[in-house]
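Colleague: Residue numbers (our numbering), protein chains in the order written: chain A, 69 to 139; chain B, 1112 to 1680.
#1: Measure the C-alpha to C-alpha separation of residue 1372 of chain B and residue 1585 of chain B and round it to an integer number of angstroms.
#2: List the residues that DSSP assigns as beta-bridge partners of residue 1156 of chain B.
#3: From the DSSP output, in three-state form, read off residue 1497 of chain B for me.
#4: With a threshold of 9 Å between beta-carbons, can residue 121 of chain A be considered close to chain B, or not?
#5: Can you list, in chain order, the residues of its chain whose CB lies under 7 Å from that of residue 1681 of chain B, leaving out five sequence neighbours each side?
#6: Provide the residue(s) that pair with residue 1600 of chain B in DSSP beta bridges, ordered along the chain.
#7: Where does residue 137 of chain A land, buried or exposed, given buried means 16+ other C-beta within 10 angstroms?
#8: By the criterion of Cβ-Cβ separation under 7 Å, what are the contact partners of residue 114 of chain A in chain B?
#9: Taking a cut of 8 Å between CB atoms, which residues from the segment 1113-1140 of chain B lie near chain C?
#10: To which residues does DSSP link residue 1432 of chain B through a beta bridge?
#11: Please state whether DSSP places residue 1348 of chain B in a helix, a strand or coil.
#12: Between residue 1368 of chain B and residue 1220 of chain B, how many whole angstroms is the CB-CB distance? I'm expecting something under 8 Å.
#13: Can you grab the Cα-Cα spacing for the pair residue 1200 of chain B / residue 1407 of chain B, in whole Å?
#14: Starting from the C-beta of residue 1660 of chain B, find all residues in its chain whose C-beta is less than 6 Å away, skip the five residues before and the five after it, and write them out in chain order.
#15: For residue 1390 of chain B and residue 1214 of chain B, what's the separation of their Cα atoms in angstroms?
#16: Does the structure place the segment 1472-1479 of chain B close enough to the segment 1446-1459 of chain B that three or more beta carbon pairs sit under 8 Å?
#17: Which same chain residues end up closer than 8 Å to residue 139 of chain A when comparing Cβ atoms and leaving out the 5 residues on each side of it in sequence?
#18: Less than 9 Å between CB atoms is the rule here; does residue 1455 of chain B satisfy it with respect to chain A?
#19: Do we get a CB-CB distance below 9 Å when we pair residue 126 of chain A with the residues of chain B?
#20: Taking CB distances under 9 Å as the criterion, tell me whether residue 1451 of chain B reaches chain A.
#21: In whole angstroms, what is the alpha-carbon distance linking residue 1672 of chain B and residue 1194 of chain B?
#22: Under three-state DSSP, which class holds residue 1588 of chain B?
#23: Using a Cβ cut-off of 7 Å, which residues of the segment 1479-1510 of chain B contact any Cβ in chain A, in chain order?
#24: At 8 Å on the CB atoms, spell out the chain A contacts of residue 1292 of chain B, in chain order.
#25: Touch check for the segment 107-126 of chain A and the segment 77-86 of chain A: three-plus C-beta pairs under 8 Å?
#26: Suppose you measure from the CA of residue 1145 of chain B to the CA of residue 1240 of chain B; what does that come to, to the nearest Å?
#27: Tell me, to the nearest whole angstrom, how far the beta carbon of residue 1314 of chain B is from that of residue 104 of chain A; I am working on the premise that it is less than 8 Å.
#28: What residue from B:1465, B:1617, B:1337 has the CA that sits closest to residue 1121 of chain B's CA?
#29: Is there at least one Cβ from chain A nearer than 9 Å to residue 1440 of chain B's Cβ?
#30: With residue 1283 of chain B as the anchor, note down where its alpha helix (DSSP H) starts and where it stops.
#31: Mind checking the segment 1306-1325 of chain B against chain A and listing, in chain order, the residues whose C-beta falls within less than 8 Å of any C-beta there?
#32: When the distance is taken between beta carbons, is residue 1411 of chain B closer than 9 Å to residue 1420 of chain B?
#33: At least one CB of chain A closer than 9 Å to the CB of residue 1658 of chain B: is that the case?
#34: Are the beta-carbon atoms belonging to residue 1625 of chain B and residue 1552 of chain B less than 9 Å from one another?
#35: Return helix, strand or coil for residue 1231 of chain B, following the three-state DSSP convention.
#36: Hey, residue 1330 of chain B and residue 1337 of chain B are a contact pair by Cβ (cut 8 Å); roughly how many whole angstroms apart?
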């Protein structure tokens, strides 16, 4: 394949995850009243970050390998 | 009324998404060298990507909004669209139909019809498909822009133009590959964007048991058995005991067999994704892979609607009321977004909504430009040109297709009834199609005349059935009964639709058989090899590990679906 799709997907969710974690840390706790008292930005940001890195990591490893030793 | 206020963080997430969609198109632009690259991704897509795109192309905003609305209006019975309709149909198309679609090297569904039957059957299918695709893309564009105007206060024109330009940019640059790659990105975004909403909603109402308990008054207030909103099969014994107004036979035959099989097995919008797969086995696995995420989608798209109606009844006035005094079910998802998600996650949820809209629209546009270029332009307008010429036409058709969708969206704002009427006509055209494909693929004696006139008769039968029946309480007109006499009154519009489909399918099936027997065969067994089941070598997949075998995956998918039906019986 020409472009490893895991790269852009991983990158976008990593960025979104970082944005949400960052915002979750600095935002006013009062806004979490509506999400039943949970800081959902922080927690869901961690989920997105984990998903993003989980996509990114194997893609980067595959790209580093010499092309003929792959699948 | 503005339901949702967005902050800077929300806009940032939305902009990151836009940047990535266009970036993917930009990165793929240098791989588009031939028309086959542009329209069929050079047949090089692995099955997990094709499978997620298969799912995502169908997952337009209307699906997300509409399924939640049905979840609120009809409850758990809406799951039949998935667990009776979509999943068995997706397994069927993967196991039985893909060998013909992929194996014949047809580049589109209409082209298969030409190989199997004749030119006129292809022409009929290509032209109706091209027109319907543009209009449905326009109608969903209209629906999304209206929604954004209502809940965010965004300008209608800005929404239409902005989404059109973004979709245009990434398809123009990277063709079908770009649409497919973006659909996979959009798939993950839709799942990860809506999941927190479902989790928070369920936590709020006390889990599934709390939700079921809160849905009891919804059902009893409307005069149905207590479990009508939380059970899927128990109340299907009679059409009077459930809000959908259907009984099990109409549901299984109309929705399951005719409508769902008709959609998933013949609609080029989804089939195109599997045709782009890298091998026959990958093409067959595409819809079966897609079946697995599809079977858990009810929890993502139907349950939010059920939560919304439960809260509406138990806490009062959760959903805004429409002009007729009933809750506005279409607002279930946006209202929940605004209710549970704080700034930040709200941006993600809204981006997911935009993503679902764009994947649906891109699906329409890529299917349109292929059918237009190969089946209409190359066949009837300018045959025998160079591949370069058709690639250029593909680019032009993308621009034209999107411009026509925008025009259709604006036409909808001015003539709402015309759109309702068009949707009705499309339903008449689509209902009989599955009978034609079934006979074409499994009965070598069926002929081109049989297929062509069978389709026309099926469409006419649908129109006549609709014209002679009415849903309860409706006025004669677009809802039916326009032929003067009303022979049958159905408990609901949905029941009427299911029976229209059953009548159309049966008429097409019988007419195709009779006309085929009355007309001479025009294709020899040799010519039909690879196009008809009995004349095509069986697909062998025993050499693969079991989890890579389409047949084994199909059995697992069906078993899981049966289990889900039993759990939520």
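Note that CB positions come from ideal geometry on N, CA and C, so glycine has one too.
Modeller: Result, derived from the coordinates:
#1: The count along the second chain starts at 1 and reaches residue 1372 of chain B at position 261. The count along the second chain starts at 1 and reaches residue 1585 of chain B at position 474. For residue 1372 of chain B and residue 1585 of chain B, the distance between alpha carbons rounds to 29 Å.
#2: Walking along the second chain from the start, residue 1156 of chain B turns up at place 45. Partner(s): B:1388.
#3: Mapped onto the second chain, residue 1497 of chain B falls at position 386. Coil at residue 1497 of chain B, not helix or strand.
#4: On the first chain, position 53 is the one that residue 121 of chain A refers to. Cβ-Cβ to chain B under 9 Å: no for residue 121 of chain A.
#5: Residue 1681 of chain B cannot be examined here, being either before or after the span of chain B that is shown, 1112 to 1680.
#6: The residue labelled residue 1600 of chain B in the question sits at position 489 within the second chain. In the DSSP output, where bridge partners are listed per residue, residue 1600 of chain B has B:1581.
#7: For the purposes of this step, residue 137 of chain A is taken as residue 69 along the first chain, with counting starting at 1. Reliability fails at residue 137 of chain A, whose pLDDT of 46 lies under 50, so the model's placement of it is uncertain and no value is given.
#8: As a position in the first chain, residue 114 of chain A is number 46, starting the count at 1. What residue 114 of chain A touches in chain B: nothing, since even the nearest Cβ is about 12 Å away.
#9: Going by chain labels, chain C is absent from the structure shown, which instead holds the protein chains A and B.
#10: Your numbering for residue 1432 of chain B matches position 321 in the second chain. Residue 1432 of chain B is bridged to B:1438.
#11: If you number the second chain from 1, residue 1348 of chain B lands on position 237. Correct three-state label for residue 1348 of chain B: coil.
#12: As a first step, residue 1368 of chain B must be located in the second chain, where it is residue number 257. As a first step, residue 1220 of chain B must be located in the second chain, where it is residue number 109. So it is not a contact: roughly 19 Å between Cβ atoms.
#13: Counted from its first residue, the second chain places residue 1200 of chain B at position 89. Counted from its first residue, the second chain places residue 1407 of chain B at position 296. Cα-Cα distance, rounded: 16 Å.
#14: Translated into positions along the second chain, residue 1660 of chain B becomes position 549. Same-chain partners within the cutoff: 1652.
#15: Within the second chain, numbered from 1, the residue matching residue 1390 of chain B stands at position 279. Within the second chain, numbered from 1, the residue matching residue 1214 of chain B stands at position 103. Rounded to the nearest angstrom, the two C-alpha atoms are 10 Å apart.
#16: no
#17: Sequence index remark: in the first chain, residue 139 of chain A carries index 71 (1-based). Note that residue 139 of chain A scores a pLDDT of 43, beneath 50, so its modelled location is shaky; the value from the coordinates is reported in the next line. Excluding sequence neighbours, residue 139 of chain A sits near nothing in its chain.
#18: The sequence position of residue 1455 of chain B within the second chain is 344, counting from 1. Yes, because at least one Cβ of chain A sits closer than 9 Å to the Cβ of residue 1455 of chain B.
#19: Position 58 of the first chain, counted from the start, is the residue given in the question as residue 126 of chain A. No, residue 126 of chain A lies away from the interface with chain B (no Cβ there is under 9 Å from its Cβ).
#20: Here residue 1451 of chain B corresponds to residue number 340 of the second chain, with the count starting at 1. Yes, its Cβ sits closer than 9 Å to a Cβ of chain A.
#21: The residue labelled residue 1672 of chain B in the question sits at position 561 within the second chain. The residue labelled residue 1194 of chain B in the question sits at position 83 within the second chain. Taking the straight line from one Cα to the other gives about 6 Å.
#22: Working through the second chain from its first residue, we reach residue 1588 of chain B at position 477. Strand at residue 1588 of chain B.
#23: none
#24: If you number the second chain from 1, residue 1292 of chain B lands on position 181. Those are 71, 73, 76, listed as they occur along chain A.
#25: Using a Cβ-Cβ distance cut-off of 8 Å, the segment 107-126 of chain A and the segment 77-86 of chain A are in contact, since at least three pairs of beta carbons, one from each stretch, lie closer than that value.
#26: Translated into positions along the second chain, residue 1145 of chain B becomes position 34. Translated into positions along the second chain, residue 1240 of chain B becomes position 129. Rounded to the nearest angstrom, the two C-alpha atoms are 24 Å apart.
#27: For the purposes of this step, residue 1314 of chain B is identified with residue 203 of the second chain, where counting begins at 1. For the purposes of this step, residue 104 of chain A is identified with residue 36 of the first chain, where counting begins at 1. Contact holds; Cβ gap of about 6 Å.
#28: To locate residue 1121 of chain B, count along the second chain from 1; it is residue 10. Checking every option, the nearest Cα to that of residue 1121 of chain B belongs to B:1465.
#29: Residue mapping note: residue 1440 of chain B aligns to position 329 of the second chain, counting from 1. Chain A contact via Cβ: absent.
#30: By 1-based counting over the second chain, the position of residue 1283 of chain B is 172. Element bounds for residue 1283 of chain B: 1267-1316.
#31: 1307, 1311, 1314, 1315
#32: Numbered from its first residue, the second chain carries residue 1420 of chain B at position 309. Numbered from its first residue, the second chain carries residue 1411 of chain B at position 300. Cβ distance not < 9 Å, so residue 1420 of chain B and residue 1411 of chain B don't count as in contact.
#33: For the purposes of this step, residue 1658 of chain B is taken as residue 547 along the second chain, with counting starting at 1. Answer no: the Cβ-Cβ gap between residue 1658 of chain B and chain A never drops below 9 Å.
#34: Position 514 of the second chain, counting from 1, holds the residue named residue 1625 of chain B. Position 441 of the second chain, counting from 1, holds the residue named residue 1552 of chain B. Cβ atoms of residue 1625 of chain B and residue 1552 of chain B: not closer than 9 Å.
#35: For the purposes of this step, residue 1231 of chain B is taken as residue 120 along the second chain, with counting starting at 1. Residue 1231 of chain B carries a helical assignment under DSSP once its states are collapsed to helix, strand and coil.
#36: Stepping through the second chain from its first residue, residue 1330 of chain B is reached at position 219. Stepping through the second chain from its first residue, residue 1337 of chain B is reached at position 226. Confirmed, Cβ separation roughly 6 Å.
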